[in-house]
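Trainee: Mapping of the sequence shown onto our numbering: position 88 corresponds to residue 88, and the numbering continues sequentially without gaps. Ideal Cβ placement from N, Cα and C applies to all residues, glycine included. There's a structure below that I have some questions on.
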Amino acid sequence: MIKAAISGAAGRMGKTILAVIGETDGIATGAAIEQPGSPALGLDAGEQAGSGRLGVSITADLESVMDDFDVLIDFTRADAVLQNLARCRAGGKKVVIGTTGLSADQQQTLRAASKEIAIVFAPNMSVGVNLCFKLAELAARVIGDSADIEIIEAHHNRKIDAPSGTAVRLGEIVAATLGRDLEECAVYGRQGITGPRPRNTIGFETIRAGDIVGEHTLMFAGEGERVEIKHVATSRKTFATGAVRAAQWVMDKETGLYSMQDVLGLS
Numbered sequence: 001m002i003k004a005a006i007s008g009a010a011g012r013m014g015k016t017i018l019a020v021i022g023e024t025d026g027i028a029t030g031a032a033i034e035q036p037g038s039p040a041l042g043l044d045a046g047e048q049a050g051s052g053r054l055g056v057s058i059t060a061d062l063e064s065v066m067d068d069f070d071v072l073i074d075f076t077r078a079d080a081v082l083q084n085l086a087r088c089r090a091g092g093k094k095v096v097i098g099t100t101g102l103s104a105d106q107q108q109t110l111r112a113a114s115k116e117i118a119i120v121f122a123p124n125m126s127v128g129v130n131l132c133f134k135l136a137e138l139a140a141r142v143i144g145d146s147a148d149i150e151i152i153e154a155h156h157n158r159k160i161d162a163p164s165g166t167a168v169r170l171g172e173i174v175a176a177t178l179g180r181d182l183e184e185c186a187v188y189g190r191q192g193i194t195g196p197r198p199r200n201t202i203g204f205e206t207i208r209a210g211d212i213v214g215e216h217t218l219m220f221a222g223e224g225e226r227v228e229i230k231h232v233a234t235s236r237k238t239f240a241t242g243a244v245r246a247a248q249w250v251m252d253k254e255t256g257l258y259s260m261q262d263v264l265g266l267s
């Protein structure tokens, strides 16, 4: 039986992951982590998530439960992710990271750690989104040079980074396929008299409103036709299910940095 630790166990994603683990064969919750000062500390992880008593108390001290899990699932903020990663690296634990907004330097830290432990890092763990990543590559290869490319994404009003990690990843895939540098060709929003649109740019538009779980549209607009690749998430369960699937998959790996494309056999 695989034992998983959930970081951010009292958050919306954490509670959803706890519920999915409870519905999945071959994996169980071994530890639950929250930030210091959280009112959830000391509570039973399953009871506070509404999924039944687990006999696992929420703690702020990852070090104290290192013997209770095999793999950490972390969807918290970047600074907490790196702290948890350092502890898992020292303890030889595998890690699944779904946090977005990591800087280039922080991602380099992941790569360095992956030489000693196995890590799955993905901006979006939805099966459908990762299929869209594959379709984005195909569409860019076939029609990308003859179309204007725009990426529109929408999320809830509590999301702290923009554009989303998924939107950025879509841009990276398209840019790489077309031989472009995303840092040079990306346009983040438009205002005022912008002039004609350069064909080689990739536009990003961000919406933050209400309780939108996640919507992404990749648009290839040419003369006389438009192709759109769209994904709409209606429940966080799709991300949690992917994360649990990744946690099971990574148990066979000793070291390395992997994506959901690897987990799903799409790479």
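1) When the distance is taken between beta carbons, is I117 closer than 8 Å to G92?
2) What ranges does the beta strand (DSSP E) occupy inside the stretch 131 to 218, keeping only unbroken runs of at least 3 residues that lie completely in it?
3) Can you tell me the Cα-Cα spacing of A240 and I17, whole angstroms?
4) Using only the alpha-carbon positions, how far apart do V250 and D44 sit?
5) Return the CA-CA distance between N124 and S64, expressed in angstroms with no decimal places.
6) Do A136 and I173 have their CB atoms nearer than 8 Å?
7) If I follow the unbroken beta strand (DSSP E) through G30, where does it start and stop?
8) Under a Cβ-count criterion, where at least 16 other Cβ atoms within 10 Å of its own Cβ denotes burial, should R169 be classed as buried or exposed?
9) Considering A40, what are the terminal residues of the alpha helix (DSSP H) in which it resides?
10) Going by DSSP, what residue range makes up the beta strand (DSSP E) through G256?
11) Shortest alpha-carbon distance to A176 belongs to which of Y188, D145 and P163?
12) Using only the alpha-carbon positions, how far apart do R158 and K237 sit?
13) When the distance is taken between beta carbons, is A154 closer than 8 Å to I212?
14) May I have the straight-line CA-CA distance separating A9 from A147, to the nearest angstrom?
15) In three-state DSSP terms, what is V65?
16) What is the C-beta distance between F69 and G98, in whole angstroms, given that I count them as a contact (C-beta under 8 Å)?
17) What does a CB cutoff of less than 6 Å around K230 pick up in its chain, not counting 5 residues either side in sequence?
18) Roughly how many angstroms lie between the CA atoms of T206 and V96, to the nearest whole one?
19) Let me make sure I understand the geometry here. Which of Q107, C132 and Q248 has the alpha-carbon closest to that of M219?
20) Pick helix, strand or coil for V120, following the three-state DSSP scheme.
21) Find the nearest neighbour of L266 within the set E183, D67, K134 and R190, judged by alpha-carbon distance.
22) Can you say whether Q48 is buried or exposed, counting buried as having 16 or more other CB atoms within 10 angstroms of its CB?
23) With DSSP collapsed to three states, give me the class of K93.
24) Going by C-alpha distance, which of G210, A243, H156 and I151 is nearest L182?
25) Using three-state DSSP, classify F220 as helix, strand or coil.
26) Leaving out the 5 sequence neighbours to the left and right, which residues in its chain are closer than 8 Å to A78 when beta-carbon positions are compared?
27) Could you give the first and the last residue of the continuous alpha helix (DSSP H) run that contains V20?
28) Taking the DSSP output, what are the residues bridged to V227?
29) Go ahead and label L138 buried or exposed: buried means 16 or more other beta carbons lie within 10 angstroms of its beta carbon, across all protein chains shown.
Mentor: In short, the structure shows the following:
1) Using a Cβ distance threshold of 8 Å, G92 and I117 count as a contacting pair.
2) The stretch 131 to 218 contains these whole beta strand (DSSP E) runs: 148 to 155, 186 to 188 and 202 to 208.
3) So the two alpha carbons sit approximately 5 Å from each other.
4) Between V250 and D44, the C-alpha separation is close to 27 Å.
5) Approximately 29 Å between the Cα atoms of the pair.
6) Between A136 and I173, the C-beta spacing is below 8 Å.
7) Looking at the DSSP string, the run of the beta strand (DSSP E) that includes G30 is I27 to I33.
8) Buried: at least 16 other Cβ atoms inside 10 Å.
9) Secondary structure note for A40: it is in no alpha helix (DSSP H), with a DSSP letter that is neither H nor E.
10) Taken as a continuous stretch (DSSP letters only), the beta strand (DSSP E) holding G256 covers G256 to Y258.
11) Closest by alpha carbon: D145.
12) Cα to Cα, the separation comes out at about 18 Å.
13) Cβ distance < 8 Å, so I212 and A154 count as in contact.
14) A9 and A147 have their C-alpha atoms spaced approximately 43 Å apart.
15) When DSSP states are grouped into helix, strand and coil, V65 belongs to the helix group.
16) Rounded, the Cβ-Cβ distance is 17 Å, inconsistent with contact.
17) Counting only Cβ-Cβ distances below 6 Å, and skipping sequence neighbours, we find T217.
18) C-alpha of T206 to C-alpha of V96: approximately 26 Å in a straight line.
19) By alpha-carbon distance to M219, the top candidate from Q107, C132 and Q248 is C132.
20) Residue state, collapsed to three classes: strand.
21) Checking every option, the nearest Cα to that of L266 belongs to K134.
22) By the neighbour-count criterion, in which 16 or more other beta carbons inside 10 Å mark a residue as buried, Q48 falls on the buried side.
23) In the structure shown, K93 sits in coil (DSSP, three-state: anything other than H, G, I, E or B).
24) Of the listed residues, the one whose Cα sits closest to L182 is I151.
25) In the three-state scheme derived from DSSP, where H, G and I count as helix and E and B as strand, F220 is classed as strand.
26) Around A78: T99, G101, L102, S103 and Q106.
27) Where V20 is concerned, the enclosing alpha helix (DSSP H) starts and stops at R12 to E23.
28) Residue pairing of V227 in beta bridges, as defined by DSSP: F220.
29) Per the 10 Å Cβ criterion, exposed.
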